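Residue numbers (the numbering used here): 477 to 637.
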């Protein structure tokens, strides 16, 4: 396991790279997304963000386990929405019917549900960019939790499977 330094993160953010180079350069210590050659490295989440993610994840996981519906994952897994686009949602759900999308270290294609918790630096990205990306990747449902504005939005996306 390599050690991530400030220099490593600066190098990732400052140059365009191929998706293959991105996958090779990032390990589990770096929380980074990839969009068409550009690397987006995320700062550690605020405590409130983590508390919300754990609580919502616990609720979803409890229901999914009880009903034996599929898999719930947190922000430790990348979702490859299409070639050249990798995101790390705060939470995601993949039904048993779609579990062939689960790889060893990533999810290939759009999960059934993605949950994003808005941070001060992700407002536009979560409400606009990711909405469009998730819709195009055929994600069925997208939940946006905005703790700063005390807002929750559940969106059934148009391009359902």
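Backbone N, C-alpha and C fix where the C-beta goes; we use that ideal spot for every residue, glycine too. Values in this document were obtained by computation on a predicted structure and should not be read as measured data.
Residue from the options with nearest C-alpha to residue i
i: residue 609; options: 590, 549, 623 and 521; result: 590
i: residue 519; options: 564, 537, 559 and 560; result: 564
i: residue 514; options: 525, 559, 539 and 522; result: 559
i: residue 571; options: 602, 605, 617 and 552; result: 617
i: residue 511; options: 499, 625 and 535; result: 499
i: residue 562; options: 492, 509 and 496; result: 509
i: residue 541; options: 517, 516, 569 and 619; result: 569
Contact set for residue i: own chain, Cβ-Cβ below 7 Å, skip 5 residues either direction
i: residue 533; result: 548, 550 and 567
i: residue 586; result: 557, 610, 613, 614 and 615
i: residue 627; result: none
i: residue 528; result: 593, 621 and 623
i: residue 544; result: none
i: residue 606; result: 563 and 592
Sequence-distant residues of its chain with Cβ nearer than 6 Å to residue i (five each side left out)
i: residue 622; result: 594
i: residue 584; result: 556 and 577
Where residue i falls, given that 16 or more other Cβ within 10 Å makes a residue buried
i: residue 502; result: buried
i: residue 505; result: exposed
i: residue 531; result: exposed
i: residue 632; result: exposed
i: residue 579; result: exposed
i: residue 597; result: exposed
Limits of the unbroken beta strand (DSSP E) element including residue i
i: residue 533; result: First-last for residue 533: 523-543, but that is the alpha helix (DSSP H), not the beta strand (DSSP E).
i: residue 509; result: 508-511
i: residue 547; result: 546-550
Close beta carbons around residue i, own chain, < 8 Å, minus the five adjacent residues each side
i: residue 494; result: 513
i: residue 582; result: 553, 554, 555, 556 and 562
Extent of the continuous alpha helix (DSSP H) run through residue i
i: residue 497; result: 495-501
Which residue spans inside the region 577-621 form an unbroken alpha helix (DSSP H) run of at least 4?
606-612
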